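**Q** Please find one structure pasted underneath; my questions will follow.
2 protein chains.
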Amino acid sequence: MTGMTDVPAPLLPPTRTLLGPGPSDVSPSVLQALAKPTVGHLDPSFLAAMDEIRRMLRTVMGTRNELTFPMSGTGSSGMETCLVNLIEPGDRVLVGVNGVFGTRMVDVAERCGAEVRAVEGEWGRALSPEAFREAAAGEPFALLCAVHAETSTGVSQQIPPLREVADDLGALLLVDCVTSLAGTPVELDLWGVDAAYSGTQKCLSCPPGLSPISFSARAEERLRARSKKVQSWYLDLTLVASYWGSERVYHHTAPINMLYGLHEALRLVLEEGLEERCARHRQNGRALWAGLEALGLELAVPEAERLPQLTAVRVPDGIDEARVRRDLLEAFGIEIGAGLGPMRGQVWRIGLMGAGSTRKNVTLCLSALSSVLADQGFALRGDPLAAAAGV
Amino acid sequence: MTGMTDVPAPLLPPTRTLLGPGPSDVSPSVLQALAKPTVGHLDPSFLAAMDEIRRMLRTVMGTRNELTFPMSGTGSSGMETCLVNLIEPGDRVLVGVNGVFGTRMVDVAERCGAEVRAVEGEWGRALSPEAFREAAAGEPFALLCAVHAETSTGVSQQIPPLREVADDLGALLLVDCVTSLAGTPVELDLWGVDAAYSGTQKCLSCPPGLSPISFSARAEERLRARSKKVQSWYLDLTLVASYWGSERVYHHTAPINMLYGLHEALRLVLEEGLEERCARHRQNGRALWAGLEALGLELAVPEAERLPQLTAVRVPDGIDEARVRRDLLEAFGIEIGAGLGPMRGQVWRIGLMGAGSTRKNVTLCLSALSSVLADQGFALRGDPLAAAAGV
Chain E
9 MTGMTDVPAP
19 LLPPTRTLLG
29 PGPSDVSPSV
39 LQALAKPTVG
49 HLDPSFLAAM
59 DEIRRMLRTV
69 MGTRNELTFP
79 MSGTGSSGME
89 TCLVNLIEPG
99 DRVLVGVNGV
109 FGTRMVDVAE
119 RCGAEVRAVE
129 GEWGRALSPE
139 AFREAAAGEP
149 FALLCAVHAE
159 TSTGVSQQIP
169 PLREVADDLG
179 ALLLVDCVTS
189 LAGTPVELDL
199 WGVDAAYSGT
209 QKCLSCPPGL
219 SPISFSARAE
229 ERLRARSKKV
239 QSWYLDLTLV
249 ASYWGSERVY
259 HHTAPINMLY
269 GLHEALRLVL
279 EEGLEERCAR
289 HRQNGRALWA
299 GLEALGLELA
309 VPEAERLPQL
319 TAVRVPDGID
329 EARVRRDLLE
339 AFGIEIGAGL
349 GPMRGQVWRI
359 GLMGAGSTRK
369 NVTLCLSALS
379 SVLADQGFAL
389 RGDPLAAAAG
399 V
Chain P
9 MTGMTDVPAP
19 LLPPTRTLLG
29 PGPSDVSPSV
39 LQALAKPTVG
49 HLDPSFLAAM
59 DEIRRMLRTV
69 MGTRNELTFP
79 MSGTGSSGME
89 TCLVNLIEPG
99 DRVLVGVNGV
109 FGTRMVDVAE
119 RCGAEVRAVE
129 GEWGRALSPE
139 AFREAAAGEP
149 FALLCAVHAE
159 TSTGVSQQIP
169 PLREVADDLG
179 ALLLVDCVTS
189 LAGTPVELDL
199 WGVDAAYSGT
209 QKCLSCPPGL
219 SPISFSARAE
229 ERLRARSKKV
239 QSWYLDLTLV
249 ASYWGSERVY
259 HHTAPINMLY
269 GLHEALRLVL
279 EEGLEERCAR
289 HRQNGRALWA
299 GLEALGLELA
309 VPEAERLPQL
319 TAVRVPDGID
329 EARVRRDLLE
339 AFGIEIGAGL
349 GPMRGQVWRI
359 GLMGAGSTRK
369 NVTLCLSALS
379 SVLADQGFAL
389 RGDPLAAAAG
399 V
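Just so you know, the sequences run in chain order E and P. Taking our numbering, the leading residue of the first sequence gets 9, the next gets one more, and so forth. Taking our numbering, the leading residue of the second sequence gets 9, the next gets one more, and so forth.
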């Protein structure tokens with residue numbers, strides 16, 4: 009093994025402008041926080057940082073839930089955490105499915121032994137509360153699952169009306185807030201959400217690797233009343249909570265440096281103010297929409313159901329979808345996202361998330377997109393920058 | 009929510025000398041790698057980095073296994089990955105238990121629906137191949153699990169003889185290499201290991217957050233032949249492998265910046281050379297042992313079964329165990345570990361791992377320990393530094 013001549017060079021990642029569905033651009037102070045000296049997972053200084061993270065997360069998630077902390081995995085591990093802890097084999101689970109992440113919840117819930125009923129809806133549209141009611145057909149359910157911000161389509165789902173549906177079915181309410189948190193308002197307590205998960209790499213503008221979760225007192229009760237152990241040891245909240253809680257019982261070695269990054273990212277959110285941050289996302293999203301439409305492009309989601317932080321744009325006839333993304337990356341260093349599932353090849357997904365939601369990026373994105381579309385002979389309809397500036 | 013006056017200050021973690029059971033001290037270039045600009049998980053530059061990580065990991069793990077990559081969670085997620093992918097409900101699993109991590113494997117395997125038989129051994133001693141044979145009682149098993157380097161006790165387990173036992177039982181061989189990898193030789197192919205997992209925060213000297221795993225062709229075959237889906241979606245290797253393999257199918261958003269860190273940590277291992285690195289760990293471990301014994305302290309594990317990177321030291325009668333650790337941390341900024349399970353309060357665990365395995369740290373640790381023990385009236389027997397220097 010000695011004398012390996014073939015050691016790769018140190019990485020020199022390019023500096024991109026990340027305007028896809030995540031990861032989003034990360035603030036310099038968050039990147040620098042990642043590089044702070046590693047300490048032990050039971051170091052008094054780290055335990056204090058954990059408490060600050062929990063406190064800031066509660067504010068950002070709009071909750072007083074005691075059980076609120078980041079799981080040591082990416083957003084999908086947060087989805088799995090919520091489902092493995094709340095579901096026991098044979099439980100009946102109702103899942104809204106209008107994109108990749110609803111589809112994924114069905115898969116994960118089935119692996120937990122749930123009897124899953126999907127509320128199927130059109131991709132690119134929100135689901136009505138009535139659709140949930142009809143699918144439930146008056147039968148009882150243990151859990152109702154919905155995606156607040158569908159990352160695969162850019163659709164915003166209203167959550168409060170689903171609380172009422174869940175109550176009628178006797179169900180707890182589980183919500184995916186991966187792409188919404190810190191970009192559009194998330195008010196877990198006000199909305200009566202029982203369990204929620206998010207990711208760090210969207211509007212929190214922290215690199216991927218952690219998944220904030222929150223459980224209401226009712227969800228905790230459900231967890232405590234389980235008859236069978238949670239099927240995942242790694243994601244078992246009865247164990248993880250003993251480390252994040254006052255007991256400080258070792259469970260796994262926390263990802264120290266990633267948590268430094270999250271601490272700084274949450275600090276930046278609170279320094280800006282949640283209302284101001286959401287207003288900024290709305291403003292830049294609307295400017296982007298106006299610009300895209302001025303260009304002659306069609307947005308895939310009706311305005312009332314559209315997320316300001318993630319916009320799905322239809323690929324015009326005759327345009328090579330992948331070439332546009334490649335040209336943006338190679339000539340401008342801009343990343344935008346492709347469509348997923350049934351929308352593959354049919355849309356682009358443009359994200360303006362967290363630190364990336366700026367007027368500068370709106371302008372850059374519209375200008376660069378105009379240029380690469382013109383390269384393919386697309387006839388631009390109007391002036392996107394004037395339209396964006398007019399919002 | 010606006011105008012929160014109570015935003016915490018930016019973190020200022022203290023600079024520690026991490027001489028516990030992990031996390032270990034991280035090289036400056038690894039910390040700096042974490043802070044490099046985040047790119048997308050399908051960015052061509054990142055895909056190239058992933059390939060380099062896989063190639064370097066194979067070298068460090070002593071394997072040509074195609075299915076070799078880091079999972080997006082800490083070491084315990086690697087344990088769970090191996091078990092959930094290899095076990096189907098009702099499978100018979102034989103687990104060596106002489107510490108916390110064998111105990112944990114029993115728990116995780118049972119959550120997978122396995123019929124588990126534990127091979128119980130004394131904490132602080134290795135298990136003999138005969139102990140596995142006797143526990144198996146000639147019955148067939150699907151999986152034999154052992155811990156190569158027991159982080160809770162500092163015991164080194166010989167793996168090659170267990171291959172023979174596994175063959176006789178018809179079992180695949182799963183090995184925990186969390187604390188061994190890149191500190192003592194790990195030769196998966198030579199030893200005939202079918203599945204292994206590790207962590208980044210031990211002898212790889214990368215912050216915690218990733219878990220390298222490797223599956224042999226036979227283990228992959230077992231995975232493909234499953235009759236039931238893997239119970240964890242997040243850790244399902246049939247899905248994760250499609251992202252790390254040439255297909256590049258999106259599964260979850262990889263923890264980009266943590267992977268930058270691992271890339272740099274692996275580079276440093278290969279630049280040093282695996283043999284040289286293991287020799288360094290041996291040399292510094294032996295120097296520490298000589299110094300501790302010169303002080304008049306007793307080591308908990310017989311020399312032939314002792315890990316050079318992690319040494320369990322018995323707490324002498326009349327000494328306040330927790331006060332020693334607190335004094336080391338507060339007066340010297342040195343972290344050492346407490347005992348776990350039945351060894352709680354009875355031992356300290358001193359790690360010399362990765363970048364932390366230096367003659368400087370041996371000297372510092374022995375001097376500081378002498379000082380805090382003397383503060384409690386412990387009669388030092390001899391000169392630890394002279395003894396360490398004589399090794």
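All C-beta atoms in this analysis are idealised placements derived from N, C-alpha and C, irrespective of residue type, glycine included. None of these values were measured; they are calculated from a predicted model.
1. Which residue spans inside the segment 329-366 of chain E form an unbroken beta strand (DSSP E) run of at least 3?
2. For valine 155 of chain E, write down the residues that DSSP places opposite it in a beta bridge.
3. Tell whether a beta-carbon distance below 8 Å holds between methionine 79 of chain E and valine 116 of chain E.
4. Tell me which residues of the segment 242-269 of chain E have at least one Cβ-Cβ distance to chain P shorter than 7 Å, keeping chain order.
5. Can you find a C-beta in chain P that's less than 8 Å from the C-beta of alanine 126 of chain E?
6. Determine whether the Cβ of leucine 39 of chain P lies closer than 8 Å to any Cβ atom of chain E.
7. Any beta carbon from chain E within less than 8 Å of serine 160 of chain P's own beta carbon?
8. Considering isoleucine 61 of chain E, what are the terminal residues of the beta strand (DSSP E) in which it resides?
9. When DSSP labels each residue in this structure, what does phenylalanine 77 of chain E get in the three-state scheme?
10. Between the Cα of serine 365 of chain E and the Cα atoms of E/Gln317, E/Leu377 and E/Ala122, which residue gives the shortest distance?
11. What are the residues of the segment 309-325 of chain E that lie near chain P, defined by any Cβ-Cβ distance shorter than 7 Å?
12. Just reading off the beta strand (DSSP E) that alanine 203 of chain E is part of, what are its end residues?
13. Less than 8 Å separating the beta-carbons of glutamate 272 of chain E and proline 18 of chain P?
14. Measure the alpha-carbon distance for glycine 390 of chain P versus leucine 377 of chain P and round it to whole angstroms.
15. Run through chain E and tell me which residues come within less than 9 Å of aspartate 115 of chain P, C-beta to C-beta.
16. Would you mind stating whether glutamine 129 of chain P and alanine 139 of chain P have Cβ atoms separated by less than 8 Å?
17. Who does alanine 320 of chain P pair with in a DSSP beta bridge?
18. Which of the residues in the segment 268-302 of chain P, read from start to end, lie with their CB under 8 Å from any CB of chain E?
19. Put phenylalanine 407 of chain E into one of helix, strand or coil per three-state DSSP.
20. What does the alpha-carbon distance come out to for the pair proline 310 of chain E and valine 155 of chain E?
21. Nearest-angstrom Cα distance between glycine 11 of chain P and glycine 48 of chain E?
22. State the Cα-Cα distance for the pair lysine 237 of chain E and leucine 152 of chain E, rounded to the nearest angstrom.
23. By the DSSP assignment, the alpha helix (DSSP H) with leucine 247 of chain E in it spans what residues?
24. To the nearest angstrom, report how far apart proline 16 of chain P and valine 38 of chain E are at their CA atoms.
25. Decide if leucine 20 of chain E is buried, meaning its Cβ has at least 16 other Cβ atoms within 10 Å, or exposed.
26. Should the segment 44-60 of chain P be regarded as contacting the segment 266-281 of chain E, the criterion being three or more beta carbon pairs within less than 8 Å?
27. Taking leucine 196 of chain E as the query, report the chain P residues whose CB atoms sit under 9 Å from its CB, ordered along the chain.
28. Count the CB pairs spanning the segment 327-334 of chain E and the segment 185-205 of chain E that are closer than 8 Å, and state whether there are at least three.
29. On a CA-only basis, which of P/Pro29, P/Pro52, P/Thr25 and P/Asp14 is nearest serine 254 of chain P? Give me that one, please.
30. Considering alanine 126 of chain E, what are the terminal residues of the beta strand (DSSP E) in which it resides?
31. Output the distance between the C-alpha atoms of leucine 243 of chain E and serine 84 of chain E, rounded to the nearest integer angstrom.
32. Closer than 7 Å to a non-hydrogen atom of the ligand ZN - does that hold for the CB of tyrosine 251 of chain E?
33. If I measure Cβ to Cβ from glycine 104 of chain P and keep anything under 6 Å in the same chain, skipping five residues before and after, which residues do I get?
34. Just how far apart, CA to CA, sit threonine 159 of chain E and alanine 397 of chain P?
35. Closest to glycine 349 of chain P by CA distance: which of P/Gly293, P/Pro215 and P/Trp131 is it?
36. From the DSSP output, which residues share a beta bridge with isoleucine 221 of chain E?
**A** Taking the definition as stated:
1. 355-359
2. E/Asp184
3. no
4. Tyr242, His260, Thr261, Ala262, Pro263, Ile264, Asn265, Met266 and Tyr268
5. no
6. yes
7. no
8. Here isoleucine 61 of chain E belongs to no beta strand (DSSP E); instead the alpha helix (DSSP H) covers 52-69.
9. strand
10. E/Gln317
11. none
12. 203-205
13. yes
14. 13 Å
15. Lys237 and Trp241
16. Before going on, a small fix: residue 129 of chain P reads as glycine here, not glutamine. In this structure, alanine 139 of chain P lies closer than 8 Å to glycine 129 of chain P by Cβ.
17. P/Arg357
18. Tyr268, Gly269, His271, Glu272, Arg275, Leu278, Glu279, Gly281, Leu282, Glu283 and Glu284
19. Limits of chain E in this structure are 9 at one end and 399 at the other, which puts residue 407 of chain E out of reach.
20. 17 Å
21. Residue confidence is low: glycine 11 of chain P scores 44 on pLDDT, short of 50, so the model does not pin down where it sits. Its coordinate-derived value is still stated next. One C-alpha to the other measures close to 33 Å.
22. 22 Å
23. 245-252
24. 14 Å
25. exposed
26. no
27. In chain order: nothing, as chain P lies at least about 13 Å away.
28. no
29. P/Pro52
30. 123-128
31. 12 Å
32. Annotation note on the ligand ZN: not contained in the displayed structure, which lists no ligands.
33. Gly110, Val127, Leu135 and Ala154
34. 60 Å
35. P/Trp131
36. E/Phe77 and E/Tyr205
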